[in-house]
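For reference, the structure discussed in these notes is given below.
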Ligand code: NAD
Ligand code: MG
């Protein structure tokens, strides 16, 4: 029996993790945490019977507490709740499926408590990879990637030593606006950007996929996970999303992981690693595949991707600025307060404005996050 705790259980990755649990009786869910969806959390508690549950606000936690009083589950709130779940003795693996830098503290606490991490929350690695990766090595905690590209790289590496890697080929679908010119992106509406061609995901990551900022975050995530320099990470646009990423070795061999796009595969692989379990669903049929194609990303139009390489190159607190500026800009875009092209513009401005802190502590990362939010809000006020 493998016992798991899930942060972000009501979201896209969280609910798909629970689908994997439903099909695998050897998995037991011991804790669930979510933001504000009390109704869905109640359903999940009744089905999976965890010992602990957490909601972000005290108000939502109080509502949940009264709704599930008959179940015996303990309900907590806020960062304290997330931290309690992260370190609870009953769990072996923490699935980090929350969005944003809120995941940093619970991930660190879980590693220190000796838990393995099934990591979906890429923002944590992007901003605090220099803290997380050495800590995980010291505490002998495994960081198992859930992001589909990183799972594909992990599967293609399968224990090969790092110095045999020539290049990581990080694939990208290109999002809904692949092939467009810059002026064609001026009037993009929220609904257009939320319409991803191959994957159904949470709102923030769906917008990030349409700007290629998601790929930029993934370049930094790959750098930390696999310890590979930036110039060895190449983004390859592959619109059909069949090759989920690949590793090119020093002898020229390329190992890739392919399959129908389905996040349950990387989730399940992380939970059972190094084993593989049965997973239902559509198989790739080579005879049905009309064609698989590849192109270079258009970094002139999708400047969010080149900014990511610049942020990673600058290092220190700059990836935090990149990530925080994007988070704020995406939420302003979703509220229809800024245009689509203003997202990368604002990231660029925030990065220009920032003075890098080398190897920032968690406190400095969170301060940089808050300062960047302020900076973006100030800029947007001036624009209006
Ligand atoms: P989502 O928006 O669908 O779900 C987020 C979850 O986190 C929800 O359960 C929400 O209630 C919870 N949450 C938000 N704020 C919280 C808080 N303060 N405290 C506790 N819980 C909180 O997001 P998602 O698409 O599932 O993405 C989750 C993470 O996984 C992100 O980092 C994303 O980049 C990454 N990821 C997602 C996918 C995907 O297919 N959806 C693929 C790869 C990586
Ligand atoms: Mg991905």
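Residue numbers (the numbering used here): 58 to 441.
Every residue gets a Cβ at the ideal spot worked out from N, C-alpha and C, and that includes glycine.
Strand pairing of residue i, partner residues [DSSP]
i: residue 290; result: 225
i: residue 163; result: Looking at the DSSP assignment, residue 163 forms no beta bridge with any residue, so it has no partner.
i: residue 131; result: 109
i: residue 376; result: According to DSSP, residue 376 bridges with nothing at all.
i: residue 84; result: 59
i: residue 305; result: 224, 311
i: residue 150; result: 61, 173
Limits of the beta strand (DSSP E) - the one that residue i falls within
i: residue 93; result: Unbroken run through residue 93: none, as it is neither H nor E.
i: residue 330; result: Element bounds for residue 330: n/a, residue is neither H nor E.
i: residue 398; result: No beta strand (DSSP E) contains residue 398, which DSSP labels as neither H nor E.
i: residue 57; result: The chain is shown from 58 up to 441; residue 57 falls before or after that span and cannot be answered.
i: residue 175; result: 173-176
Identity of the residue in the options nearest residue i by Cα
i: residue 363; options: 414, 290, 306; result: 290
i: residue 361; options: 79, 265, 323; result: 265
i: residue 227; options: 236, 215, 206; result: 206
i: residue 379; options: 138, 441, 158; result: 158
i: residue 98; options: 440, 83, 75, 85; result: 75
i: residue 359; options: 390, 398, 335, 299; result: 398
i: residue 186; options: 439, 438, 418; result: 418
i: residue 420; options: 184, 176, 382, 217; result: 184
i: residue 192; options: 167, 130, 214; result: 167
i: residue 194; options: 62, 204, 174; result: 174
i: residue 79; options: 337, 407, 169; result: 337
i: residue 387; options: 181, 410, 434, 370; result: 434
Start and end residues, alpha helix (DSSP H) containing residue i
i: residue 202; result: Run containing residue 202: none in the alpha helix (DSSP H); it sits in the beta strand (DSSP E), 200-202.
i: residue 191; result: 179-196
i: residue 158; result: Counting along the chain, residue 158 falls outside any alpha helix (DSSP H), and DSSP gives it neither H nor E.
i: residue 265; result: 260-268
i: residue 241; result: Looking at the DSSP string, residue 241 is not in any alpha helix (DSSP H), and its letter there is neither H nor E.
i: residue 369; result: 360-371
### Message
Is it the case that the region 343-353 contacts the region 244-258, given that we only count it when at least three CB pairs across the two stretches are under 8 Å?
### Response
no
### Query
Within the chosen definition, does the region 274-292 reach the region 197-214 through at least 3 CB pairs nearer than 8 Å?
yes
### Message
I want to know whether the region 223-234 touches the region 289-303 - three or more CB-CB distances under 8 Å.
### Response
yes
### Task
Check each residue's C-beta against every heavy atom of the ligand MG and list, in chain order, those closer than 6 Å.
204, 205, 206, 275
### Query
Can you find at least 3 beta carbon pairs, one from the region 262-280 and one from the region 352-359, that sit closer than 8 Å?
yes
### Cβ contact (3+ pairs, closer than 8 Å) linking the region 68-79 and the region 148-157
yes
### Query
Does the pairing of the region 420-431 with the region 374-391 give three or more beta-carbon distances under 8 Å?
yes
### Message
Does the contact criterion of 3 or more C-beta pairs under 8 Å hold for the region 128-146 versus the region 159-170?
### Response
yes
### Query
Between the region 309-328 and the region 232-250, do at least 3 Cβ pairs fall closer than 8 Å?
no
### Query
Pairing CB atoms from the region 82-91 with CB atoms from the region 101-119, are three or more of them under 8 Å?
yes
### Query
Using 8 Å as the Cβ pair cut-off and three pairs as the minimum, do the region 238-254 and the region 333-344 touch?
no
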